[in-house]
Every structure is written in structure tokens, then in C-alpha cells.
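Working notes for the structure below.
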């Protein structure tokens, strides 16, 4: 996969530079959270493509300081559509392997930034909460239908721990606040498999407990989110349209539902739960 600069002149004359910077949106009334300012989660460039990138005609050149992780956010966000994704192919196994190898200091956490940026492309508002130390959850989504959703992110695929943290965050918040949170989203590198001690066991218990039986625990992957962000307009779909709701749906039913609605194609369907 490569990210090609189609026309250098367009980049030179562009004033907006949305490939590297975005207008910050603030959600007042809920901890005053803000959307991401910088497009690239690893700061591969901050003020438009660098001279070396423009000369070589590609964003993902080896700049030595950082290595492109192919989140493709620069191409998705480019206001001029001047960045072309070459040889894009969904790969549920190998996508974001570089990100898994990167140390994620609490101050930056690129996986949280990627997750919130994709979600902000799809829904009314999304924010990475990593810099707000008073909040334990990794991200927050607010939909056009006024739904609120807490996010837990783990590039290393610890779905069980993510579910525990998410449940703790939601229950703690709902105990203190009148307007309840009913939605949680777990974002992993791959969908979880069933085992002896796994998230599926916890989900079954949640269904029987009075204070959690009405929650929606959604799950998705980075590569699937990337695919959605590349293809869909903001607010076209809801949380329940795009994500697997583990409280009410099997993975097979979810996969079939996405295929029937045209949200995924056959190639993605074959790899999604590999």
C-alpha cells in the first residue's frame, strides 16, 4: 500500500492543509472534549507534505523519525482529494502491525487518536480522552441521534480487559449521573475468538444482570473502521448499523447483516473474522 501525491502544485497552493490539520470541534457539556487537531496520529507531517514527500510524490516516504502506519487518515481528510491510495486491500490479520510494535506513551497513544479520528469521520462527534486524566475511558462518541458511547481501545486485542474497563466506566458514570450511558464500543486489531475465559462469558453474564442487561456492547476493528471511514459520509449510519452488538447478535448474524445491507463486500466478509 502507498499514498501518492497526485499533483504537487495542488499541495503547494492548498491553504487548508486538512491532510495534516483539522478544525477542532469541542463538545461542551460533557467534560468539554475536543476532536483531534492533527490528522496524522504519529505526526509524520504537521503543516502539509514536507519537501521530501513532495519531491518523491508520496506521503509514506522514509523520514527516519517516524514510519507510516497506513491509517490513511491524510488521504481520507484531504480536502482536495489529491492523495491517492494505491493498491489498497483490507487485511484483518496484518493491518496496523506496525502500530502494535510502537510504544504508546500515555501522552500520545496513537491507537486512541486513530480510533477517535475514524469515528469522527462517521458520527456527529468523537474525541480521544487520553489527555484528560480525570476520565478512565479511551474515547467518546456522540451521534446525530443524541446517543452517547464510551470507547475502549486495545491494539493488542485484550477484549476481556477492554470489556471489564468499559463496563466499569459505564456503571461508575451512570451511578453518578441522571442521563445514563447505554452504549460502549471496543476497538481491537482483530475480532475476539471464543475460549475458556473470554469476553463472550462476560457478555452472557451482563445479559442477566438488571443494571447491565439493557446496555449495548459493540465491538469493531481498526481496519474495519478505516474501511468505513474511507467509504461512508458522516452520519450516514448509526452505531447499531456498523458494529457488532455482542449483547444481541452473533458474529455470523452480524457478518450476514453487513453483507445484505451492502456495508461490506465479499472480500472483506471473507477476512473479517479470520
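In my numbering, the protein residues as written are 1072 to 1345. Just so you know, even glycine gets a beta-carbon here, dropped at the ideal spot from N, CA and C.
1) Keeping to the same chain, check which residues put their C-beta closer than 6 Å to that of residue 1141; ignore five residues upstream and five downstream.
2) Using a 10 Å radius around the Cβ and a threshold of 16 neighbouring Cβ atoms, would you call residue 1163 buried or exposed?
3) Name the DSSP beta bridge partners of residue 1075, please?
4) Between residue 1308 and residue 1214, what straight-line distance do the alpha-carbon atoms span, to the nearest angstrom?
5) Determine the DSSP secondary structure at residue 1200, reduced to helix, strand or coil.
6) Excluding five sequence neighbours on each side, which residues of the same chain lie with their C-beta closer than 8 Å to the C-beta of residue 1194?
7) Is residue 1194 near the ligand MG - that is, is its Cβ less than 8 Å away from at least one heavy atom of it?
8) I need the straight-line Cα distance from residue 1187 to residue 1315, nearest angstrom please.
9) Ignore the nearest five residues each way along the sequence and tell me which others in residue 1102's own chain have a CB closer than 7 Å to its CB.
10) Hey, could you find the ends of the beta strand (DSSP E) residue 1116 is sitting in?
11) Kindly identify the DSSP beta-bridge partner or partners of residue 1212.
12) Inspect the beta-carbon positions of residue 1339 and residue 1317 and report whether they are closer than 9 Å.
13) How would you call residue 1240, buried or exposed, if buried means at least 16 neighbouring beta carbons within 10 angstroms?
14) Please report how far the alpha carbon of residue 1236 lies from the alpha carbon of residue 1126, in whole angstroms.
15) Please go through the same chain and pick out, in chain order, the residues whose beta-carbon is closer than 6 Å to the beta-carbon of residue 1180, but skip the five residues on each side of it.
16) Identify whether residue 1272 lies in helix, strand or coil by the three-state DSSP scheme.
17) Kindly indicate the opening and closing residues of the beta strand (DSSP E) around residue 1290.
18) By DSSP, does residue 1107 sit in helix, in strand, or in coil?
19) Is residue 1226 near residue 1255, with beta carbons less than 9 Å apart?
20) Taking the C-alpha atoms as reference points, what is the distance between residue 1146 and residue 1220?
21) In chain order, what residues of the same chain have a beta carbon less than 8 Å from the beta carbon of residue 1085, not counting five sequence neighbours either side?
22) Since residue 1258 and residue 1293 should fall inside the 8 Å C-beta cutoff, what is the C-beta to C-beta distance between them, to a whole number of angstroms?
On the basis of the supplied data:
1) For this step, residue 1141 is matched to residue 70 along the chain shown. 1072.
2) Position 92 of the chain shown, counted from the first residue, corresponds to residue 1163. Residue 1163 should be labelled buried.
3) In the chain shown, the residue the question calls residue 1075 occupies position 4. Note: residue 1075 sits in a beta bridge opposite 1129, 1155.
4) Indexing the chain shown from 1 puts residue 1308 at position 237. Indexing the chain shown from 1 puts residue 1214 at position 143. The alpha-carbon atoms of residue 1308 and residue 1214 are separated by roughly 10 Å.
5) Position 129 of the chain shown, counted from the start, is the residue given in the question as residue 1200. In the displayed model, residue 1200 falls within coil according to three-state DSSP, outside both helix and strand.
6) For this step, residue 1194 is matched to residue 123 along the chain shown. Once the five neighbours on either side are set aside, the close Cβ partners of residue 1194 are 1212, 1213, 1214, 1215, 1305, 1306, 1310.
7) Absent from the structure shown: the ligand MG. Ligands present: none.
8) For this step, residue 1187 is matched to residue 116 along the chain shown. For this step, residue 1315 is matched to residue 244 along the chain shown. Answer to the nearest angstrom: the Cα atoms are 18 Å apart.
9) In the chain shown, the residue the question calls residue 1102 occupies position 31. Here the set comprises 1203, 1206.
10) By 1-based counting over the chain shown, the position of residue 1116 is 45. Per DSSP, residue 1116 belongs to no beta strand (DSSP E) and is neither H nor E.
11) In the chain shown, the residue the question calls residue 1212 occupies position 141. Partner(s): 1197, 1220.
12) For the purposes of this step, residue 1339 is identified with residue 268 of the chain shown, where counting begins at 1. For the purposes of this step, residue 1317 is identified with residue 246 of the chain shown, where counting begins at 1. Residue 1339 places its beta carbon 9 Å or farther from that of residue 1317.
13) Within the chain shown, the letter at position 169 stands for residue 1240. Label assigned to residue 1240: buried.
14) Within the chain shown, numbered from 1, the residue matching residue 1236 stands at position 165. Within the chain shown, numbered from 1, the residue matching residue 1126 stands at position 55. For the pair residue 1236 and residue 1126, the Cα-to-Cα distance works out to about 46 Å.
15) Position 109 of the chain shown, counted from the start, is the residue given in the question as residue 1180. Excluding residues within five positions, the ones whose Cβ falls inside 6 Å are 1201.
16) As a working mapping, residue 1272 is identified with position 201 in the chain shown. Note: residue 1272 maps to helix in three-state DSSP.
17) In the chain shown, counting from the first residue as 1, residue 1290 sits at position 219. Its beta strand (DSSP E) spans residues 1287-1292.
18) In the chain shown, counting from the first residue as 1, residue 1107 sits at position 36. Reduced to three states, the DSSP call for residue 1107 is coil.
19) Residue numbering aside, residue 1226 sits at position 155 when the chain shown is read from its first letter. Residue numbering aside, residue 1255 sits at position 184 when the chain shown is read from its first letter. Against a cut-off of 9 Å, the Cβ pair of residue 1255 and residue 1226 comes out as no contact.
20) Position 75 of the chain shown, counting from 1, holds the residue named residue 1146. Position 149 of the chain shown, counting from 1, holds the residue named residue 1220. Their backbone Cα atoms lie some 27 Å apart in a straight line.
21) In the chain shown, residue 1085 corresponds to position 14, counting from 1. Within the same chain, Cβ atoms closer than 8 Å to the Cβ of residue 1085 are found at 1119, 1150, 1151, 1153, the five residues on either side in sequence being excluded.
22) In the chain shown, residue 1258 corresponds to position 187, counting from 1. In the chain shown, residue 1293 corresponds to position 222, counting from 1. So it is a contact: roughly 6 Å between Cβ atoms.
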